[in-house]
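What follows is one structure encoded as structure tokens, with my remarks underneath.
Protein chains: 2
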Amino acid sequence: MESKGLQPMDSEQLRENAHKMVDFIADYYKSIENFPVLSQVEPGYLRELLPDSAPNQPETLQNVLDDVQAKILPGVTHWQSPSYFAYYPSNSSVAGFLGEMLSAGINMVGFSWITSPAATELEMIVLDWLGKLLKLPEDFLSTGQGGGVIQGTASEAVLVVLLAARDRVLRKLGKNALEKLVVYASDQTHSALQKACQIGGIHPENCKLLKTDSSTNYALSPNLLSKAISDDISTGLVPFFLCATVGTTSSTAVDPLLSLGKIAKNNGIWFHVDAAYAGSACICPEYRCYIDGVEEADSFNMNAHKWFLTNFDCSALWVKDRNALIQSLSTNPEFLKNKASQAKMVVDYKDWQIPLGRRFRSLKLWMVLRLYGLENLQCYIRNHINLAKYFEGLVAADSRFEVVTPRVFSLVCFRLLPPNNNEDHGNNLNHDLLDAVNSTGKIFISHTVLSGKYILRFAVGAPLTEERHVTAAWKVLQDEASALLGSL
Amino acid sequence: MESKGLQPMDSEQLRENAHKMVDFIADYYKSIENFPVLSQVEPGYLRELLPDSAPNQPETLQNVLDDVQAKILPGVTHWQSPSYFAYYPSNSSVAGFLGEMLSAGINMVGFSWITSPAATELEMIVLDWLGKLLKLPEDFLSTGQGGGVIQGTASEAVLVVLLAARDRVLRKLGKNALEKLVVYASDQTHSALQKACQIGGIHPENCKLLKTDSSTNYALSPNLLSKAISDDISTGLVPFFLCATVGTTSSTAVDPLLSLGKIAKNNGIWFHVDAAYAGSACICPEYRCYIDGVEEADSFNMNAHKWFLTNFDCSALWVKDRNALIQSLSTNPEFLKNKASQAKMVVDYKDWQIPLGRRFRSLKLWMVLRLYGLENLQCYIRNHINLAKYFEGLVAADSRFEVVTPRVFSLVCFRLLPPNNNEDHGNNLNHDLLDAVNSTGKIFISHTVLSGKYILRFAVGAPLTEERHVTAAWKVLQDEASALLGSL
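Residue numbers (this note's numbering), protein chains in the order written: chain C, 1 to 488; chain V, 1001 to 1488.
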């Protein structure tokens, strides 16, 4: 960069340097299989490699890229590696990446319509498109009283609807009723719900995580919910929020939306559906059944940044009553007033979310939908589900292992069986197996605990994953299992 | 894109298409002065131009780029235009843009250290670098009990520290004390504070926005604060949070940190300093005095995405007691447990913020600091402040106008004086002038209201702005003022 007379946004410097960066990133993807999937560095490694303070004088892009290669990439866990099978995927794609570039290029701050009408309007249109692909009921679309909005993450999505629901009930009952408000969900629900309760001042003991077990494949039982609600009402508490999950983080459990939704409706409870991971699959007709009952919901969320080829972050949230959000989250300072907002002619997304500022969030999702098209996206999902089926078959064919819960989407929950049915040993064994396979750097998987059992999770969903990577991953698991069992 | 066998992350397709996108964006910057700065479209314009649903089959990148040019850019308000003087700036730069590209390329989700150690560690290091440039007290650096974290926006920064402060006092007093908690700030404080109070369940009447006026240049009076605190204590309320601002949104007022901080400390109140805009200037020794007293603060925030060449979003927050944040915001679900976290050997930034997931947030700030260096960054700030001084001089030299508050940084607050001192007419006149100049498309400025007077704000800070743009902007203002005054 120039040292005299800084020109921080010169178009030709941008062109020259950004072309270099494109090649750096394309080369990264070309060589991504050469890195350990899970970073193998020790805590504190980077502080020893970098100076203590920022430079006084500019350095070159080449300096920085050399440091990225030598010092940063060894500390990266490669979520885009084809051998990444941990947690849930976080998809990157050419289209998603191009959308990120364009959004960063325009670099506007779209808090109100006026600050870039295209940003607000494209988001409304694209979420209507996606809502239609998911066959969401029409009252979630922006043509009525509802509409979609892109949040950063599912945590923010559940938080904003919890706040909308909280304030709706407190407007009726008065602010001091806060301590009586009760939230329901299964014990498999993502920890984001508990965090949202904590933020919103819901008393922790009133966040009721109802027990699940293998008899329902870890789905929430409507009977249990009904009973909990009646019990709470009888002690003077106020049920106000139910969160159901389609595709839980531990095991892709699917809560029965229709029965749960009817209970919520009968009790005047806000019903939120978290389909952060599995929502993507519902663009395929054969998987749409898993969100049957969504018509009973007040809000629905899926993360396009997980398994829908849209770079992080992009969490799509739809609500039926946009005013509930706005009443909870709007601000109207003088310095942001403008004709279009004052006349209520427009949507101002600042009132649908926690932060004020927001990027041009819809561009990347728009580009994914246009550059791939529905049919390709359906194939993409089906391919991963088929790879997961294939892995499930490999596990089932090895009598040393068991598949723990029925596979529904692209996650397989399995474990190594403890020799001689010695269950005391089972958890340590699988913990050690997880450590062993992740330490090879060849694959990265993660774990959970179901009914006290330590379970391994194999989630297919990285854009570069092919059958050969699943085959190779299974080989690593078998080899490390053999080594562990042999050393017992 | 390919229609058969989708390869969504093929490195050569990425290379080819991303090079095209680089040229598109570089061309945008080359031609940016040709666009109206403020978009002139009508609400709903885009829905008429785009189809009702996503395509079944893929479209080409050229299709999409043609639509961006023809349909999206007319609806963009060009925050990067050199004639953008509204609100506060939102800087893009070559370095910031490259950092965004790299972050989107790696596309990892850094909620815990293990999910990419480099992401957490680089963020700690870079916020130490920036903290040192700002000469923040050492207890804000990550080497002790404090440290920095990148939030999305200043709204999220004030929210997380408010929650930390709230929960710290509720742990002592019990959850039912919530209704007694009181927050203090001046009436010039950003609306984000009120929104944070609303989210956190602080009763609206306990969010006390103390009155300011021109006698203190709209800074908060320590005497007023002391009195408010004693009054509230005497009625059984519990003061727990004070937000001071360095560079308010309306007029860059600077609250007196040292005196306010001492009052906060004496009353056991969490003291947060919001320097979202003006913090950037404090890397220059001659402006550092405006944050003198920050040593009394519990938390300090500045937005690198405003006036520090780091693309949106990047809001730097430092706290002295990281455990207060963690106690309020941590979750520890089984599926995220890992050795490094369980052994408390590492920082997991998920526990310092609202969302779980997070991008590789520090890369762009690291690249800005390295590719520009401190001296260039100081020159950059000084140049904008000089341009604002120049504009202030132009206004002062035209007797039809007045400068309303003393200019401190790069914002000039001014207005057209109503003819014959007819103050009744002054607000409409300036409102009409704002409309008139923004409708030309040649410049974009915004407004505020101070002591009942409608004021125009001219904020210098876009990376491409040069003296000639300020000169031209003043010409537009003079011409439109002449037309308005002539038509009276």
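Where a beta carbon is used, it is the ideal one built from N, C-alpha and C, also for glycine.
In this text the structure is predicted, and so the values were computed from the model without any measurement.
Residues near residue i by beta carbon distance below 6 Å, same chain, minus five either side
i                       : result
residue 79 of chain C   : 90
residue 168 of chain C  : 324
residue 255 of chain C  : 219, 220, 244 and 245
residue 1096 of chain V : 1309, 1310, 1311, 1364 and 1368
residue 1001 of chain V : Model confidence at residue 1001 of chain V stands at a pLDDT of 38, short of 50, so the residue's coordinates are unreliable; what they give is reported in the following sentence. Closer than 6 Å at Cβ, skipping near neighbours: 1058.
residue 287 of chain C  : 281
residue 161 of chain C  : 272 and 299
Interface partners of residue i on chain V, CB under 8 Å
i                      : result
residue 194 of chain C : 1331
residue 302 of chain C : Per Cβ cutoff of 8 Å: no residues; residue 302 of chain C is ~14 Å from chain V at best.
residue 152 of chain C : 1152, 1355 and 1357
residue 249 of chain C : 1333 and 1335
Beta-carbon contacts of residue i that lie in its chain and below 8 Å, excluding the five residues immediately before and after
i                      : result
residue 3 of chain C   : Caution applies to residue 3 of chain C, whose pLDDT of 38 falls short of 50 and renders its modelled position unreliable; the model cannot decide the point.
residue 379 of chain C : none
7 Å Cβ shell around residue i - same chain, five flanking residues per side excluded
i                       : result
residue 267 of chain C  : 229 and 239
residue 131 of chain C  : 140, 141, 148 and 318
residue 1396 of chain V : 1403
residue 1049 of chain V : 1071
residue 1136 of chain V : 1294, 1300 and 1318
residue 1046 of chain V : 1071 and 1075
residue 1106 of chain V : 1360
residue 199 of chain C  : 159
residue 211 of chain C  : 187
residue 477 of chain C  : 437
residue 1222 of chain V : 1256, 1259, 1260 and 1263
Contact under 9 Å by Cβ, residue i with residue j
i                       : j                       : result
residue 1410 of chain V : residue 1483 of chain V : no
residue 1202 of chain V : residue 156 of chain C  : no
residue 1402 of chain V : residue 1417 of chain V : yes
residue 298 of chain C  : residue 321 of chain C  : yes
residue 1385 of chain V : residue 1281 of chain V : yes
residue 83 of chain C   : residue 462 of chain C  : yes
residue 1443 of chain V : residue 1035 of chain V : no
residue 450 of chain C  : residue 481 of chain C  : no
residue 415 of chain C  : residue 438 of chain C  : no
residue 1150 of chain V : residue 1315 of chain V : yes
residue 87 of chain C   : residue 457 of chain C  : yes
residue 1275 of chain V : residue 1242 of chain V : no
Partner residues on chain C for residue i, Cβ-Cβ distance less than 9 Å
i                       : result
residue 1132 of chain V : 52, 53 and 54
residue 1224 of chain V : None at all; the shortest Cβ gap to chain C is about 21 Å.
Proximal chain V residues relative to residue i, where beta-carbon distance stays under 7 Å
i                      : result
residue 115 of chain C : 1077
residue 463 of chain C : 1008 and 1009
residue 30 of chain C  : 1011
Beta-carbon neighbours of residue i, restricted to chain V and to distances below 9 Å
i                      : result
residue 381 of chain C : Result: empty, since nearest Cβ-Cβ is about 11 Å, beyond 9 Å.
residue 469 of chain C : Those do not exist, as residue 469 of chain C stays about 13 Å from chain V at its closest Cβ, beyond 9 Å.
residue 97 of chain C  : 1009, 1014, 1017, 1018, 1021, 1101, 1104, 1105 and 1107
Interface residues of chain C facing residue i [CB-CB closer than 7 Å]
i                       : result
residue 1129 of chain V : 53 and 54
residue 1107 of chain V : 79, 80, 90, 92, 311 and 312
residue 1322 of chain V : The premise fails here: residue 1322 of chain V is roughly 16 Å from chain C at the closest Cβ pair, so nothing lies under 7 Å.
Residues bridged to residue i (per DSSP)
i                       : result
residue 181 of chain C  : C:238
residue 1444 of chain V : V:1084
residue 1403 of chain V : V:1414
residue 208 of chain C  : C:184
residue 1320 of chain V : Answer is none; residue 1320 of chain V lacks a bridge partner.
residue 1303 of chain V : V:1315
residue 1453 of chain V : V:1450
residue 1151 of chain V : V:1315
Heavy atom of the ligand NAP within 8 Å of residue i beta-carbon
i                      : result
residue 376 of chain C : With respect to the ligand NAP, the structure shown offers nothing to examine, as it has no ligands at all.
Contacts of residue i in chain A (Cβ-Cβ under 9 Å)
i                       : result
residue 1175 of chain V : In the structure shown, chain A cannot be found, because the protein chains are C and V.
Chain-ordered neighbours of residue i on chain C, where CB pairs are closer than 8 Å
i                       : result
residue 1408 of chain V : In chain order: nothing, as chain C lies at least about 17 Å away.
Using 8 Å as the cut-off, can you tell me whether the region 1110-1125 of chain V makes contact with the region 1338-1352 of chain V, which would need three or more C-beta pairs spanning the two stretches below that distance? Segments in contact, yes.
Between the region 67-78 of chain C and the region 31-42 of chain C, do at least 3 Cβ pairs fall closer than 8 Å? yes
Under 8 Å: do the region 1171-1179 of chain V and the region 1363-1381 of chain V share three or more Cβ pairs, one atom per stretch? no
Does the region 1420-1428 of chain V touch the region 1011-1028 of chain V, meaning 3 or more C-beta pairs lie closer than 8 Å? no
So, does the region 1157-1167 of chain V touch the region 1284-1301 of chain V, judging by three or more C-beta pairs under 8 Å? Segment contact: the region 1157-1167 of chain V against the region 1284-1301 of chain V, three or more CB-CB distances shorter than 8 Å; contact assigned.
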